[in-house]
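Here is the structure we will look at, set down as structure tokens.
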Amino acid sequence: MSNKYGKVKNYINGSLLETVTNRWSNVESPLTGEVIAEVALSSREDLDKAVEAAKSAFESWSKKPIKDRVQVIFNYRNLLQENIKELSELVQEENGKTYDEAKAEVEKSIELCEFAVSLPQLTQGEILEVSRGVECRTEYAPLGVVASIVPFNFPSMVPNWTIPNAIALGNCMILKTSELVPLSAMKIAELLKKAGLPDGVLNIVHGEKEIVEAICDHPDIQAVSFVGSTKVAKIVYQRSTSNLKRCLALGGAKNHLLVLPDANPEMTAANVVASMAGCAGQRCMAASAMVAVGQSDHIIAQMVEEAKNIIPGKNLGSVISKAAKERIEGYITQAEKDGAKILLDGRNCKVEGKENGYYVGPTIIDFVTPEMSVAKEEIFGPVVSIMRSRTLDEAIKIENANPYGNAASVFTQSGGLARHVMENASAGMIGVNIGVPVPREPFSFGGWNESRFGVGDITGKSSIEFWTKLKKMTTKWNPDAGINWMS
Ligand code: NAD
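Numbered as in numbering that gives the first Met the number 0, the sequence shown ends at 486 without a single skipped number.
What follows is the structure in structure tokens.
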């Protein structure tokens with residue numbers, strides 16, 4: 000056991016703290032299966048300390064003008080850029096994705112900071128003389144102590160979905176990392192401190208279910224954002240809101256790509272395969288189901304050829320854990336038993352020199368029917384399940400019937416048919432000839448249906464409403480103004 004990074008402690012009020020219970024969980028690198036760290040498992044008492052630190056930091060942090068607060072984010076953004084290699088290597092090591100994918104994630108974190116730096120321009124508030132001599136104006140006020148609970152699949156990007164915007168808007172935050180990938184978050188805290196963030200504005204508590212439940216229950220936490228599976232999103236949403244907190248909980252996905260026979264075969268095959276296999280299929284925006292409309296065999300054949308160029312350990316990373324590998328392979332086996340045809344099989348994949356890593360090769364399953372588990376459930380691996388439909392409306396019906404609603408894409412050369420899908424797909428983020436239709440800043444990120452619980456999106460302009468409350472002020476200072484019924 001190399002345990003390269005040692006014990007990963009909580010980060011509270013700018014210091015590393017032991018937990019009250021002194022319980023730890025191993026962190027493995029999925030690339031090799033080796034233990035690289037031990038992460039603290041926190042309890043309610045640990046959360047109390049973090050909330051106290053955040054509450055006391057809030058007094059001065061929230062009083063700073065936003066233009067001063069975003070200077071810290073500006074410095075932090077530059078530190079991300081300066082440290083991009085080290086940060087990307089860390090993401091790769093703890094998550095298992097390729098270096099290029101890890102780097103793209105850090106680059107996205109930089110873009111998220113650039114948006115946060117623009118928040119003074121977006122939060123000016125409004126002013127109007129609403130009646131003779133009477134002015135109404137609005138201001139965005141921070142909420143206080145807020146929490147962000149994050150998943151394993153983007154150790155840098157997802158924390159940066161919430162931290163820069165929430166703190167730029169004047170809040171103090173408790174970040175609950177994924178116990179599988181706690182290292183990048185610690186680096187984020189270190190860089191923010193270096194960038195000038197006062198102690199207590201960002202605090203990190205590690206752990207599992209117990210600390211998540213404590214966050215949902217804590218009376219001094221005003222808002223909870225969550226990103227993870229739908230099962231846990233529902234628990235967190237229900238528990239936080241029943242404790243009268245604001246909550247935005249993003250859940251899992253089963254993204255459908257609808258492929259029409261007129262689609263450009265090379266471009267479509269390349270995009271579908273990149274979407275299903277990128278980050279080893281562990282993206283909530285990954286193509287998981289494809290509906291081939293009409294005669295699309297030539298595109299499917301092209302996809303198989305394209306996917307053969309995806310080599311585990313080279314341009315395909317590992318999945319997160321042994322359990323994930325077993326789960327994904329179990330889905331493929333089940334599909335085979337159910338009568339689907341495995342066109343490309345990623346099971347039992349071994350990477351030379353990394354025999355204990357958790358790799359699954361790219362997998363394409365054809366002739367899947369909508370009632371099979373590979374058609375209905377989130378697999379979260381480099382697997383695409385192809386269903387066949389005779390018409391576009393039949394394909395849209397299949398897409399609409401799935402309970403999730405993160406993303407959907409259509410591949411076609413027809414503007415009219417693309418528009419028909421844009422209007423009728425039941426997902427928050429729609430792509431046309433795009434495999435991973437993530438809206439880039441300043442547009443906001445968020446799905447529909449069982450992919451998101453709560454109102455609004457987690458990034459972009461939409462997040463301003465989530466992290467603030469609007470204060471409405473009415474003033475009359477002009478003694479000469481007449482009095483009318485509205486004043
Ligand atoms: P997860 O739901 O298992 O874990 C997310 C967080 O919840 C972690 O911090 C974890 O410690 C905590 N948690 C786990 N079980 C819990 C429980 N029973 N009670 C309370 N807290 C619990 O998700 P994951 O495996 O880390 O991430 C993968 C999932 O996240 C996929 O479903 C993926 O689609 C989803 N995801 C969604 C988005 C989105 O934007 N919609 C983005 C990224 C990931």
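All C-beta atoms in this analysis are idealised placements derived from N, C-alpha and C, irrespective of residue type, glycine included.
Identify, in the order they occur along the chain, each residue of the same chain with its Cβ nearer than 8 Å to the Cβ of residue i, setting aside the five sequence neighbours on each side.
i: I463; result: L118, L121, T122, Y139, N164 and L168
i: S59; result: P197
i: M421; result: V409, I429 and V431
i: M172; result: A53, V144, V145, A146, S147, T161, I162, A165, I166, V200, L201 and N202
i: E37; result: N2, G5, K6, V7, W23, S24, N25 and V26
So does residue i have its beta carbon nearer than 7 Å to some heavy atom of the ligand NAD?
i: F452; result: no
i: F57; result: no
i: I214; result: no
i: P311; result: no
i: C283; result: yes
i: K321; result: no
i: S183; result: no
i: S87; result: no
i: I148; result: yes
i: S413; result: no
i: E370; result: no
i: K175; result: yes
i: G227; result: yes
i: G280; result: no
i: N308; result: no
i: I567; result: Nothing can be reported for residue 567, as the shown portion of the chain is limited to 0 through 486.
Straight-line CA distance for residue i to residue j?
i: A248; j: T176; result: 15 Å
i: T411; j: G453; result: 33 Å
i: T467; j: E44; result: 27 Å
i: L16; j: A101; result: 28 Å
i: V492; j: F151; result: Residue numbering for the chain in the displayed model covers 0 to 486; residue 492 lies beyond these limits and cannot be assessed.
i: R387; j: V226; result: 32 Å
i: G195; j: G206; result: 27 Å
i: L111; j: W160; result: 7 Å
i: K280; j: G430; result: Reading off the sequence, residue 280 comes out as Gly, not Lys. Between G280 and G430, the C-alpha separation is close to 18 Å.
i: G250; j: Q333; result: 24 Å
i: N202; j: I11; result: 5 Å
i: E212; j: I234; result: 9 Å
i: G345; j: Y330; result: 11 Å
i: I397; j: I109; result: 37 Å
i: A232; j: S130; result: 46 Å
i: L174; j: N263; result: 44 Å
i: A424; j: E33; result: 43 Å
i: N21; j: N9; result: 11 Å
i: E125; j: T137; result: 5 Å
i: E376; j: S384; result: 11 Å
i: S14; j: F114; result: 28 Å
If you drop the 5 nearest sequence neighbours on each side, which residues of the same chain put their C-beta closer than 7 Å to that of residue i?
i: G143; result: F57, N170 and Q221
i: E335; result: I341
i: A269; result: E305
i: C348; result: P311, Y358, V359 and G360
Going along the chain, which residues of its own chain have a beta-carbon closer than 6 Å to the beta-carbon of residue i, five neighbours each way excluded?
i: F465; result: L247 and G455
i: T229; result: G250, G251 and E449
i: V437; result: M284
i: L487; result: Absent from the structure is residue 487, since the part of the chain shown begins at 0 and ends at 486.
i: F366; result: A339 and K340
i: S372; result: Q333
Against chain C, with Cβ distances strictly below 8 Å, would residue i count as a contact?
i: V454; result: Absent here is chain C; the protein component of the structure consists of one chain.
Next on the checklist: Below 8 Å, how does it come out for the segment 79 to 87 and the segment 239 to 255: are there three or more Cβ pairs, yes or no?
Outcome noted: With the cut-off at 8 Å, the segment 79 to 87 and the segment 239 to 255 do not touch.
Next on the checklist: For the structure I just gave you, are there three or more beta carbon pairs, one from the segment 344 to 356 and one from the segment 310 to 319, closer than 8 Å?
Outcome noted: By the Cβ rule, the segment 344 to 356 counts as touching the segment 310 to 319, because three or more pairs are nearer than 8 Å.
Checklist entry - Quick one: any contact between the segment 403 to 422 and the segment 277 to 287, if contact means 3 or more CB pairs under 8 Å? => result In short, these stretches touch, since the Cβ pair count reaches three.
Checklist entry - Using 8 Å as the Cβ pair cut-off and three pairs as the minimum, do the segment 176 to 195 and the segment 67 to 80 touch? => result These segments touch.
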